[in-house]
Amino acid sequence: MENKNILRRFTDKLFGGLNMSWPVVIIFAVATAVVTAVFLIVPVFQNTSFMRMGETMEAWVLFAIIIMSNCKKPLESALKTFVFFLISQPLIYLLQVPFSEMGFGLFMYYKYWAIWTVLTFPMAFVGWFITKRNWLSLLILSPILLLLMLTSVSSFMFTFRHFPHQLITALFCLAQIVLYLYAFTPKWLQRAIGFFVPLIAVIVYVIVTPKVSYSGNYFLPDEPVLSDQAVVTVENPNIAEIRVYEKDQVYINGKDYGTSDFTITDGDKSYHYTIEIYEDDEGHSQLNITKK
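Under our numbering, the sequence shown is numbered contiguously, ending at residue 281.
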């Protein structure tokens, strides 16, 4: 009898040793929906990694892989994964209705998850073949590993700037990567490729992608009336590109986080402002314009 270590016994049980009957799938769907709704409703979880369970994919990837790997056939995997999402996702919104001012209007956000629910059927059919634990498993896992690596690296970067925000997300995604490679790829070469190729791809993506992707039209705080001849001079053009959009608005294309003064010259009149582009605690880019 093979002498398996604790981690191997754990992964063998989690990814292939569970009874994934239809009642279990339904209970699993309802339970995850209830937990997710709690994270979204209870104020203490606001702006935490736990709240992300109702907004992003990383936790649901784990749930889907648990279901897929505990099915006997690819069609069974597709059907059960599809039904799991078909129950859990709308239930999350339904449970929030009594606690939200939007009421049933919350379901306007369900469209995103409805599309993914439909896609789970073919994805889980193909995904079942990760149970073969070979090079095909690595190929099928590749998009998942890339998504998790991107989320992990991005979250670690955010944690560095706003400690300890998103630290749990960063560690959770990294743990999933290690767990899937350990469970579904038996060779060290496969594991090395599965870890370092996504990591290198994400590092390159982070380097070449602008830090800020933030643009739009904004009213100036003192609401001046500008002519078509008005010219904008930005002290630090690396922060933002600014130009007059209409007589009382400017178009701003944010490039980096930071602060810069800018001046609008319109004939013999000059208007002086300061623009600040920053990242809030939720990871969203924000912009403030103040008059000097």
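Where a beta carbon is used, it is the ideal one built from N, C-alpha and C, also for glycine.
It should be emphasised that the depicted structure is a prediction, and the values quoted were computed from it without experimental measurement.
Look up residue i in the DSSP assignment and say whether it is helix, strand or coil.
i      : result
V214   : coil
K6     : Checking the sequence, you will find Gly at residue 6 rather than Lys. Correct three-state label for G6: coil.
A53    : helix
K258   : strand
G94    : helix
Y240   : strand
G43    : helix
L148   : The amino acid occupying residue 148 in the given sequence is Thr; Leu does not appear at that position. DSSP places T148 in helix when its eight states are reduced to three.
M(-10) : Summary for M(-10): the model assigns pLDDT 47, below 50, so the residue's position carries little reliability, and this model does not support an answer.
A48    : helix
D250   : strand
D270   : coil
V33    : helix
S89    : coil
L276   : strand
S38    : coil
By alpha-carbon positions, which one of the options ends up nearest to residue i?
i    : options                : result
M138 : I182, K100, K176       : I182
L210 : I76, T0, T263          : According to the sequence provided, residue 210 is Pro. The question's Leu does not apply to it. Of the listed residues, the one whose Cα sits closest to P210 is T263.
V167 : R150, P153, I133       : I133
T45  : T25, T0, N59           : T25
I129 : S143, F145, V142, P111 : P111
N225 : V233, Q218, F208, D245 : D245
C162 : F96, I16, W49          : W49
P87  : V27, L178, V201, Y171  : V27
Y194 : E235, T140, I81        : T140
E212 : I192, I196, A190, Q238 : Q238
I55  : L95, M40, K2           : K2
V214 : I231, P63, M40, E235   : E235
S274 : R232, I228, I253       : I228
S143 : T222, K200, W177       : K200
T37  : V115, Y101, L156, M9   : L156
K176 : L125, Q218, G94, T106  : L125
K258 : I231, V220, L7         : V220
A164 : V23, Y99, F184         : F184
F208 : L178, V233, F118       : V233
W11  : V31, K(-7), K61        : K61
Need the endpoints of the alpha helix (DSSP H) that residue i sits in, please.
i   : result
A18 : 11 to 30
F71 : 63 to 85
Among residues of its own chain, excluding the 5 on either side of residue i, which ones have a beta-carbon nearer than 6 Å to its beta-carbon?
i    : result
A53  : T70
P187 : L134, L135, M138
S216 : D255
A113 : M57, S66, A67, T70
E265 : T248, N277
E47  : T140, C162
A172 : T0, F4
L84  : A26
T222 : T252
E230 : N242
Only counting the same chain, and skipping five residues up and downstream in sequence, which positions put a Cβ closer than 8 Å to that of residue i?
i      : result
S204   : Y240, I241, N242, G243
K281   : D250, H261, Y262, T263
R150   : E268
M40    : F28, L29, F34
M(-10) : Because the pLDDT at M(-10) is just 47, under 50, the model does not fix this residue reliably, and the value given afterwards should be weighed accordingly. Result list for M(-10): empty, nothing under 8 Å.
V13    : L7
Y298   : In the structure as shown, the chain begins at -10 and stops at 281. Residue 298 is therefore absent and cannot be evaluated.
Which same chain residues end up closer than 7 Å to residue i when comparing Cβ atoms and leaving out the 5 residues on each side of it in sequence?
i    : result
A18  : F73, I76, S77
H154 : F147, T148, D270
T21  : F52, S77
T120 : G5, S58
L160 : none
F145 : A159
By the DSSP assignment, the beta strand (DSSP E) with residue i in it spans what residues?
i    : result
T198 : Per DSSP, T198 belongs to no beta strand (DSSP E) and is neither H nor E.
A229 : 229 to 235
Does any residue of chain C have a CB that is nearer than 7 Å to the CB of residue i?
i    : result
K258 : Going by chain labels, chain C is absent from the structure shown, which holds only one protein chain.
Along the chain, which unbroken stretches of the alpha helix (DSSP H) at least 4 residues long are found entirely within the stretch 99 to 134?
-> 99 to 116
Which runs of the alpha helix (DSSP H), 4 residues or longer, sit entirely within the stretch 141 to 195?
-> Listed in chain order, they are 156 to 173.
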